[in-house]
Structure formats: C-alpha cells, structure tokens
Amino acid sequence: MTTAARRAAYVLTFALFALLALQGAARAVEAPKDLVPKASCTSTTCHPGFAKKKHVHGPVSVGECDSCHVWKNNKHSFTLAEKSPKLCVGCHDDMDFPKKGEKKKEPAKKEAGAKPAKLFVHEPVAEDCLTCHDAHASDYKAHLISSVVELCGTCHDEELDKAKSKTAVSRHTAVFEGKACLSCHKPHSSKFAKLLPAAPMDTCLKCHDKPLEAGGRTIANLKEEITTHKVVHAPVQDKECLPCHTPHGSKLPSLLTATYPETFYAPFGVKAYALCFSCHDDALATKEQTKDTEFRNGERNLHYVHVHKDPKGRTCRDCHAAHASDQSFQLRASVPFGRIGWKLPIGYTRTASGGTCNSGCHAPKTYDRKNPVKYE
Ligand code: HEC
Ligand code: HEC
Ligand code: HEC
Ligand code: HEC
Ligand code: HEC
Ligand code: HEC
Ligand code: HEC
Ligand code: HEC
Ligand code: HEC
Numbered sequence: 004m005t006t007a008a009r010r011a012a013y014v015l016t017f018a019l020f021a022l023l024a025l026q027g028a029a030r031a032v033e034a035p036k037d038l039v040p041k042a043s044c045t046s047t048t049c050h051p052g053f054a055k056k057k058h059v060h061g062p063v064s065v066g067e068c069d070s071c072h073v074w075k076n077n078k079h080s081f082t083l084a085e086k087s088p089k090l091c092v093g094c095h096d097d098m099d100f101p102k103k104g105e106k107k108k109e110p111a112k113k114e115a116g117a118k119p120a121k122l123f124v125h126e127p128v129a130e131d132c133l134t135c136h137d138a139h140a141s142d143y144k145a146h147l148i149s150s151v152v153e154l155c156g157t158c159h160d161e162e163l164d165k166a167k168s169k170t171a172v173s174r175h176t177a178v179f180e181g182k183a184c185l186s187c188h189k190p191h192s193s194k195f196a197k198l199l200p201a202a203p204m205d206t207c208l209k210c211h212d213k214p215l216e217a218g219g220r221t222i223a224n225l226k227e228e229i230t231t232h233k234v235v236h237a238p239v240q241d242k243e244c245l246p247c248h249t250p251h252g253s254k255l256p257s258l259l260t261a262t263y264p265e266t267f268y269a270p271f272g273v274k275a276y277a278l279c280f281s282c283h284d285d286a287l288a289t290k291e292q293t294k295d296t297e298f299r300n301g302e303r304n305l306h307y308v309h310v311h312k313d314p315k316g317r318t319c320r321d322c323h324a325a326h327a328s329d330q331s332f333q334l335r336a337s338v339p340f341g342r343i344g345w346k347l348p349i350g351y352t353r354t355a356s357g358g359t360c361n362s363g364c365h366a367p368k369t370y371d372r373k374n375p376v377k378y379e
C-alpha cells in the first residue's frame with residue numbers, strides 16, 4: 004500500500020465509525036425484535052414523525068401500516084406489498100393509468116356513439132406516485148413532498164423561469180401565485196392537451212371574466228369584450244388564445260407570442276408586425292400600388308399610406324381591435340391617444356366600394372376602389 008492509499012484507508016475507517024456512532028445516537032430506541040401485527044407502530048418513541056405533520060395519510064393515521072408494508076415472521080423487517088404506482092392504485096383505483104407503452108382498456112361508453120376522449124397522462128404519474136407524494140404524511144396539502152410551485156418547477160424550470168425572469172416584459176403572476184400551476188393544469192391526466200383542465204379559451208376566461216388590477220393598471224374584461232361586441236376576430240371566434248398569447252411569461256408586452264407595436268406610432272417593418280403577418284399576407288401593407296387589400300383608393304394602398312411611415316407610421320392597433328369591436332374588420336370606434344389617453348374617434352363608414360373616415364386625425368376622407376377619389 005502506498006502512503007496515500009493507507010491514509011485514505013484510515014480516513015475511510017474513521018468516517019465509517021463516526022457514521023455508525025451517529026446512527027446509534029439517533030436510534031436511541033431499539034427497534035422491537037418481535038411485533039404484533041396490527042398493533043400501532045407509532046408512539047412518542049416509535050416513528051413519531053408522521054403525527055407531527057399537518058396532513059397524515061388515511062391508512063397511516065389509523066396505524067394500518069400493513070396495508071402497504073408486509074410483516075415477515077413478526078420481525079422488524081418489511082417489504083412493500085407492491086411498488087408504486089401499483090401500491091397506490093390498489094386503493095386509488097380511479098387513477099389506474101396505463102404505464103408507458105401499455106394500452107389502457109377503454110371504459111364502457113356512457114352514451115351510445117360517443118367517442119371516448121383520449122386521455123393525456125402526465126409522464127411521472129404513470130411511473131411513480133412518490134415523485135410527488137409522500138406515502139406517510141406531509142405539511143403540504145394532498146401529501147405533496149413540497150409546495151406546488153417548487154414541485155412542478157423542479158422538472159419544468161423553463162416555464163417557471165418565464166414567469167419569474169427579470170428580463171420578461173410581461174409576466175403572468177398566476178403561474179406562481181394562488182393555486183399557481185394548478186390554476187391551469189391538472190396534475191395527473193386530462194382530456195385536454197397540455198394537461199389543461201378545460202379547452203384553452205375556457206381556461207383563460209375562468210379568470211379573465213372580470214377586469215383585473217395589476218401593476219397600477221386595469222386589464223380589460225376579455226369575456227365581456229368578446230361576448231358583447233358584434234365583430235369578433237376569427238381566431239377568437241375559433242376559441243383560440245394561444246396563437247397570439249404565451250401563457251407563462253414573455254419578452255414582449257401582453258404575453259404576446261410575436262412582435263406587435265404597443266404604441267400609436269411606430270416605423271414600419273414586416274418584423275415589427277410579425278404577430279399579424281404570421282396569419283395575414285404582408286402584401287396588404289408592403290406594396291404601394293396593389294389590389295392585395297380592400298383598403299385602397301383605386302390601386303393606391305391606404306394601408307401602405309398609413310403604416311409605411313418612419314418614424315410616425317400609424318400602427319394596426321390605431322384602427323383595428325385585436326379581439327373584437329362593433330364594426331366590420333374589427334375597426335375600433337376610438338383609440339386611446341397620448342399620455343392622457345384621449346379617446347380619438349375613428350368614425351368609419353363603409354360604402355359598397357370603399358369607405359369614409361371622419362376621424363380625429365384629419366378632415367373626413369373617402370376612398371373608393373372603383374372610382375378613386377382625387378386628392379392632390
Ligand atoms: C400507503 C402506503 C403506506 C402505508 C400505509 C405506510 N407506509 Fe411506510 N412506506 C411506504 C412506502 C411506499 C415506503 C418507501 C418510501 C420511499 O421509497 O420513499 C415506505 C417506507 C417506510 C419506512 C422507511 C423509509 C422512511 O420513510 O423512513 C418506514 C420506517 C415506514 N415506511 C414506516 C411506516 C409505518 C410505521 C407505517 C404505519 C404507521 C407506515 N410506514 C405505513 C408506504 C406506506
Ligand atoms: C390502503 C388503501 C390506501 C393505499 C394503499 C393508498 N392510499 Fe392514499 N388514501 C387512502 C385513503 C382512505 C385516503 C383518504 C381518503 C379521503 O379522505 O377521501 C387517502 C388519501 C390520499 C391522498 C390525499 C387526498 C386529499 O384529498 O388530500 C393522497 C394524495 C394519496 N392518498 C396518495 C396515495 C399514494 C401516493 C399512495 C401510494 C404510495 C396511496 N395513496 C396509497 C387510502 C390508501
Ligand atoms: C407530478 C406530480 C404528481 C404525481 C406523479 C402524482 N400526483 Fe397525485 N397529486 C398531485 C397534485 C399536485 C395534487 C393536488 C391536486 C389539487 O390540489 O388540485 C395531487 C392530488 C392527488 C390526490 C387527491 C386529489 C385527487 O385527485 O383525488 C390523490 C388521491 C392522488 N394525488 C393520488 C396519486 C396517485 C395514486 C399517484 C400515482 C398513480 C399520483 N397521485 C401521482 C401531483 C402528483
Ligand atoms: C394561466 C394558465 C397557466 C398557468 C398558471 C400555468 N400554465 Fe403551463 N401552460 C398553460 C397553457 C395554456 C399551456 C399550453 C401552451 C401551448 O400549447 O402553447 C401550458 C403548457 C405548459 C407545459 C408544456 C410546454 C410545452 O412546450 O409543451 C408545461 C411543462 C407547463 N405548462 C408547466 C407549467 C408549470 C410548471 C406551471 C407552474 C409553475 C404552469 N405551467 C402554470 C397555461 C398555464
Ligand atoms: C419528476 C419530474 C416532473 C414533475 C415533478 C412534474 N412534471 Fe410535468 N412533465 C414531466 C415529464 C417527463 C413530462 C413529459 C415530457 C415533457 O413534455 O417535457 C411532463 C409534461 C408536462 C406537461 C405537458 C403535457 C403535454 O400534454 O405535453 C405539463 C403541462 C406538465 N408536465 C405540468 C406539470 C405540473 C403542473 C407539475 C406539478 C404538479 C408537473 N408537471 C410536475 C415531468 C415532471
Ligand atoms: C388564475 C387566473 C388566471 C388565468 C387562468 C389566466 N390569467 Fe391572464 N392574467 C391573470 C392576472 C391576475 C393578470 C394580471 C397580470 C398579472 O399579475 O399576471 C393577467 C394578465 C394577463 C394578460 C396581460 C399581461 C400584461 O402584462 O399586460 C394577458 C394577455 C393574459 N393574462 C392572458 C391570459 C391567457 C391567454 C390565459 C389562458 C391561457 C390566461 N390569461 C389565464 C390571471 C389569470
Ligand atoms: C389575433 C391575436 C390575438 C388573439 C387570438 C387573442 N389576443 Fe389577446 N391580445 C392581443 C393583442 C395584440 C393584445 C395587446 C393589446 C392590444 O393591442 O389591443 C392583447 C391583449 C390581451 C389582454 C390584455 C388586455 C389589457 O387590457 O391589457 C388579455 C387579458 C388578452 N389579450 C387575453 C386574451 C384571451 C383570453 C384570448 C382568447 C380568448 C385572446 N387574448 C386572444 C392579441 C390576441
Ligand atoms: C392566428 C391567425 C391570425 C392572427 C395572428 C391574426 N389574424 Fe386577423 N384574421 C385571421 C383570420 C383567419 C381572419 C378571417 C378572415 C381571413 O381569413 O382573412 C382574420 C381577420 C382579420 C380582419 C378582418 C378581415 C375580414 O376579412 O374580416 C382584420 C382587420 C384582422 N384580421 C386584423 C389582424 C391584425 C391587426 C392582427 C395582428 C394583431 C391579426 N389580424 C392577427 C387570423 C389571424
Ligand atoms: C388607418 C387605419 C388602418 C390601419 C392603421 C390599418 N388598417 Fe387594416 N383596414 C383598415 C380599413 C378601413 C379596412 C377595411 C377596408 C375595406 O374593406 O374597405 C382594413 C382592412 C384590413 C384587413 C382585411 C383585408 C384587407 O386588407 O382588406 C386586414 C387583414 C387588415 N386590415 C389588417 C391590418 C394590419 C395587419 C394592419 C397593421 C400592419 C392594419 N390593418 C392597419 C384600416 C386600417
């Protein structure tokens with residue numbers, strides 16, 4: 004043996020003795036050699052920890068240790084009756100999910116002809132309940148091993164970081180406040196993708212059915228906005244929020260998925276309106292002369308005229324509402340202008356081949372696709 008190896012051996016032996024001594028001290032009470040099945044295993048000296056927790060698991064609280072642990076010859080040596088998740092679904096049979104790769108038998112159909120919904124099962128649930136639950140007792144509700152945010156954030160730090168990131172321009176505090184992740188996700192399984200508790204729009208409108216106060220401003224009541232206006236933007240009619248909004252947090256304002264100017268004026272760039280041009284053809288604003296838009300006087304593109312200016316391009320939001328309005332093309336009745344938020348009227352009237360704007364921007368102006376109005 005080299006000196007170094009010998010030294011290492013001494014250190015190891017010492018560490019082993021120290022560890023054994025510590026364990027002995029911790030186990031002040033000897034484990035009983037003979038046991039009486041069904042006798043309580045918990046007392047002030049035996050397994051006293053469970054009772055100190057806020058929430059004690061049903062079978063543990065009544066001392067039914069043998070509902071999970073197998074007694075061997077009345078000796079203090081146990082095996083588990085089954086491994087999780089089988090152990091748990093023996094009692095919690097409403098959670099009998101197929102394991103990865105296995106197919107679950109479809110339950111009997113409730114209504115004739117009804118399609119059984121495909122169930123999305125959360126991966127760790129099919130593998131091991133103890134990833135999230137303590138089998139005996141816990142200070143967290145539903146016997147979780149930690150708080151919901153901490154628990155979910157262990158594996159999904161990306162989503163949590165988006166909501167907490169200092170560089171995020173908009174954060175959804177719902178992600179880590181109140182019921183946190185559980186406001187929008189079921190922990191075990193769901194009929195809806197991404198473990199949502201309901202269709203995406205219904206999930207959102209559970210909270211956005213009233214004005215919300217946040218950071219000194221009021222966030223519009225979306226439910227009212229989309230149910231009390233006559234003209235609703237097609238994706239919202241289709242109950243979609245997620246093409247435009249990302250749920251956890253965004254480097255853009257209003258939790259948007261792509262860029263869209265928040266201001267009344269902005270220099271034009273296709274990228275600046277990436278949100279709208281992810282669905283609409285940018286030709287409606289990039290060509291000076293075109294028939295690619297109905298907002299034209301003859302072939303003179305009035306989208307181009309308004310939007311294509313540097314630096315004072317009028318942004319889409321000056322004329323169109325993102326979700327809904329009372330006029331065709333989601334044209335707004337008015338738009339907030341300046342620091343005081345003056346409601347600048349848009350005053351739009353539609354004609355068969357054009358329209359008239361009697362807006363707060365200029366004297367009334369008319370456009371006509373067939374017989375272009377002459378302007379100097
Ligand atoms: C619902 C099932 C269940 C019941 C009931 C149950 N246990 Fe357990 N127990 C487990 C599982 C599962 C493990 C393994 C834990 C692990 O791997 O994290 C375990 C492990 C243990 C351990 C060793 C690890 C540790 O956590 O200290 C002890 C000691 C223990 N149980 C004592 C008890 C006693 C005493 C009772 C009755 C008061 C009891 N158990 C009732 C499921 C149960
Ligand atoms: C012997 C039957 C039995 C076994 C095995 C069992 N449980 Fe339970 N569990 C119960 C009972 C009974 C309750 C209390 C039911 C109630 O109050 O509705 C309960 C409650 C729970 C709760 C809390 C419910 C709530 O609303 O707070 C969780 C979580 C839970 N069990 C998880 C597990 C996990 C994880 C396992 C496997 C390690 C497991 N159970 C094994 C019988 C069992
Ligand atoms: C990814 C983490 C996770 C895993 C894995 C998991 N659970 Fe849960 N479970 C939760 C959370 C979070 C709640 C609390 C739900 C709530 O408060 O709405 C919960 C609640 C429960 C409840 C009480 C409420 C209910 O839905 O009936 C039971 C019982 C339960 N779990 C059993 C199980 C069993 C059995 C397994 C394994 C098959 C399991 N859980 C696996 C996270 C998990
Ligand atoms: C306000 C509702 C809401 C809250 C709160 C929320 N989520 Fe989500 N989450 C969603 C929606 C909606 C989706 C689906 C996004 C999509 O399909 O584009 C999603 C998707 C996810 C995904 C899947 C991501 C992917 O790319 O497939 C994970 C993982 C996730 N969320 C974890 C979490 C965790 C962890 C928390 C808590 C820290 C949380 N979520 C809180 C609404 C929410
Ligand atoms: C032990 C790690 C682990 C924990 C803890 C965990 N998850 Fe997951 N989760 C996964 C894995 C693995 C997947 C599947 C792969 C993926 O999409 O990343 C997943 C997928 C998801 C998805 C996307 C489902 C889909 O349809 O694509 C959501 C949403 C989600 N988890 C939410 C949660 C929430 C909410 C919690 C807390 C209650 C949580 N997770 C706790 C590991 C975990
Ligand atoms: C649990 C309640 C809750 C749910 C569910 C919810 N939100 Fe929110 N949302 C809020 C609150 C509270 C605010 C105020 C800002 C903040 O503190 O997060 C907000 C703010 C917003 C904002 C404005 C953000 C800003 O910075 O201007 C948008 C956009 C938004 N939510 C979209 C959604 C979408 C899309 C969904 C569905 C995927 C959804 N919300 C689901 C509570 C919720
Ligand atoms: C076509 C894209 C699009 C769709 C689809 C969409 N939004 Fe928005 N949303 C926006 C834009 C853009 C804004 C920024 C405010 C503005 O310019 O009017 C916004 C703002 C918001 C705000 C913040 C309002 C405020 O007062 O600050 C909430 C909340 C919101 N949306 C929720 C939703 C919900 C819920 C859905 C689904 C029903 C949805 N959005 C669908 C584009 C969209
Ligand atoms: C997810 C795709 C999507 C996004 C993103 C989107 N739209 Fe739309 N929008 C549509 C669809 C689909 C229609 C229905 C008419 C059509 O097919 O062009 C429509 C219709 C419109 C209309 C009315 C046109 C008509 O013929 O009724 C206007 C105005 C409009 N969108 C403006 C915008 C603006 C401004 C943005 C950016 C904030 C935007 N849209 C983002 C999908 C989208
Ligand atoms: C100055 C007001 C104004 C601005 C700014 C504006 N629009 Fe329009 N837009 C209109 C009017 C008015 C119509 C209706 C034209 C008609 O049918 O007579 C329209 C129509 C549309 C249509 C329906 C298809 C078409 O082109 O006829 C879409 C889509 C649209 N706008 C998207 C946008 C986008 C995206 C932006 C920002 C890049 C934008 N608009 C900026 C006034 C405006």
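4 is the number of the first residue of the sequence shown in the working numbering; add one for each residue after it. Don't be surprised by glycine CBs; every beta carbon is placed ideally from N, CA and C.
Report the three-state DSSP secondary structure of residue i (helix, strand or coil).
i: ASP164; result: helix
i: SER356; result: coil
i: LYS123; result: This sequence places Phe at residue 123; Lys is not what is there. Correct three-state label for PHE123: strand.
i: LYS377; result: coil
i: ASP97; result: helix
i: GLY218; result: coil
i: HIS248; result: strand
i: PRO367; result: coil
i: HIS146; result: helix
i: MET273; result: In the sequence as displayed, the identity of residue 273 is Val instead of Met. The answer is coil: DSSP assigns VAL273 none of H, G, I, E or B.
i: ASN361; result: coil
i: LYS213; result: coil
i: CYS68; result: helix
i: LYS113; result: Because the pLDDT of LYS113 is 45, which lies under 50, any placement of that residue in the model is unreliable, and the number read from its coordinates should be weighed accordingly. Coil.
i: PRO348; result: strand
i: SER257; result: helix
i: VAL172; result: coil
i: ALA223; result: coil
i: SER141; result: strand
i: SER192; result: strand
i: LYS312; result: coil
i: TYR268; result: strand
Which residue marks the beginning of the alpha helix (DSSP H) containing residue i, and which one marks its end?
i: ARG320; result: 319-322
i: SER331; result: Looking at the DSSP string, SER331 is not in any alpha helix (DSSP H), and its letter there is neither H nor E.
i: ASP205; result: 203-208
Can we count residue i as close to ligand 5, meaning its CB is less than 8 Å from some heavy atom?
i: THR134; result: yes
i: LYS197; result: yes
i: LEU122; result: no
Taking 8 Å as the line, does the beta carbon of residue i fall inside it for any heavy atom of ligand 7?
i: PRO263; result: Checking the displayed sequence, the identity of residue 263 turns out to be Tyr instead of Pro. TYR263 Cβ: within cutoff of ligand 7.
i: MET98; result: no
i: THR359; result: no
Any heavy atom of ligand 3 closer than 8 Å to the Cβ of residue i?
i: VAL63; result: no
Please identify the residue among the options whose C-alpha is closest to the C-alpha of residue i.
i: ALA223; options: LEU163, LYS213, LYS75; result: LYS213
i: HIS139; options: ASP284, LYS56, VAL124, LYS368; result: LYS56
i: ASN374; options: LEU147, VAL65, THR354; result: THR354
i: HIS211; options: ALA177, PRO238, TYR370; result: ALA177
i: HIS232; options: PRO190, SER331, PRO314; result: SER331
i: VAL128; options: GLU216, THR45, ASP97, SER150; result: ASP97
i: HIS79; options: VAL239, HIS60, SER87, ALA34; result: ALA34
i: PRO88; options: GLU67, CYS135, HIS60, VAL63; result: CYS135
i: ASP371; options: ALA324, ASP284, ARG317, PHE298; result: PHE298
i: LYS315; options: ALA202, PHE123, PRO270, GLU126; result: PRO270
i: LEU334; options: ASP313, HIS311, GLY358; result: GLY358
Could you check if residue i belongs to the surroundings of ligand 6, using beta carbon to heavy atom distance under 8 Å?
i: LEU278; result: no
i: PRO203; result: yes
i: ALA34; result: no
i: CYS364; result: no
Is the beta carbon of residue i within less than 8 Å of some heavy atom of ligand 9?
i: HIS323; result: yes
Using a Cβ-based criterion (distance less than 8 Å to any ligand heavy atom), does residue i qualify as near ligand 8?
i: GLN292; result: no
i: CYS244; result: no
i: PRO238; result: yes
Less than 8 Å separating the Cβ of residue i from some heavy atom of ligand 2?
i: CYS91; result: yes
Looking at the unbroken beta strand (DSSP E) that takes in residue i, where does it start and where does it end?
i: THR293; result: Here THR293 belongs to no beta strand (DSSP E), and DSSP marks it neither H nor E.
i: LYS78; result: 78-83
i: PHE340; result: 337-340
Considering only heavy atoms of ligand 1, does any lie closer than 8 Å to the CB of residue i?
i: LEU83; result: yes
i: HIS72; result: yes
Heavy atom of ligand 4 less than 8 Å from the Cβ of residue i, yes or no?
i: THR206; result: yes
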